[in-house]
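Letter by letter, the sequence shown follows residues 1 to 87 of this note's numbering. See below for the structure under consideration.
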Amino acid sequence: MIYLTNDALDQAVYFDLRSREPHRKGRLVEQVYSGLLGNGVHEVDVTLKKRRGTLEVAFGKSELFRFIEEDDLRRLLGEALKGNTMH
């Protein structure tokens with residue numbers, strides 16, 4: 001579990017990595033991370049795809065986004081991935 005930040009109610013927001021798999025699309029190899037993003041009360045499934053310097057973050061709707069900005073979470077997840085904190 002990776003601590004990302006605190007939300008508006010000072011609850012810890014975390015990412016719990018569930019799986020990491022390499023996928024091949026032609027000559028391109030991408031890493032696909034799946035996990036759970038939450039604050040202990042509200043959670044949402046997350047999929048991150050990393051390939052050639054780009055990062056795609058996909059998650060559904062959640063009450064979590066009432067307490068922290070969705071764009072902030074996308075940025076924090078990207079920083080966590082770039083910092084190689086996900087193994």
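From the three backbone atoms N, C-alpha and C, an ideal C-beta is built for every residue, glycine too.
Can you tell me which residues form a DSSP beta bridge with residue i?
| i | result |
| --- | --- |
| Glu-30 | His-23 |
| Val-57 | Leu-48 |
| Val-13 | Thr-5 |
| Leu-81 | Bridge partners of Leu-81: none, in fact. |
| Glu-63 | Paired residue(s): none; Glu-63 is not in a bridge. |
Hey, would you say residue i sits closer than 9 Å to residue j, going by beta carbons?
| i | j | result |
| --- | --- | --- |
| Asn-39 | Phe-59 | no |
| Leu-64 | Leu-37 | yes |
Please work out which residues of its chain come closer than 6 Å, Cβ to Cβ, to residue i, disregarding the five sequence neighbours upstream and downstream, and give them in chain order.
| i | result |
| --- | --- |
| His-23 | Glu-30 and Val-32 |
| Arg-18 | Ser-34 and Gly-35 |
| Val-57 | Leu-48, Arg-74 and Leu-77 |
Only counting the same chain, and skipping five residues up and downstream in sequence, which positions put a Cβ closer than 8 Å to that of residue i?
| i | result |
| --- | --- |
| Asn-6 | Ala-12 and Val-13 |
Using 10 angstroms around the beta-carbon of residue i, count the other beta-carbons present and answer buried if the total reaches 16, otherwise exposed.
| i | result |
| --- | --- |
| Val-41 | exposed |
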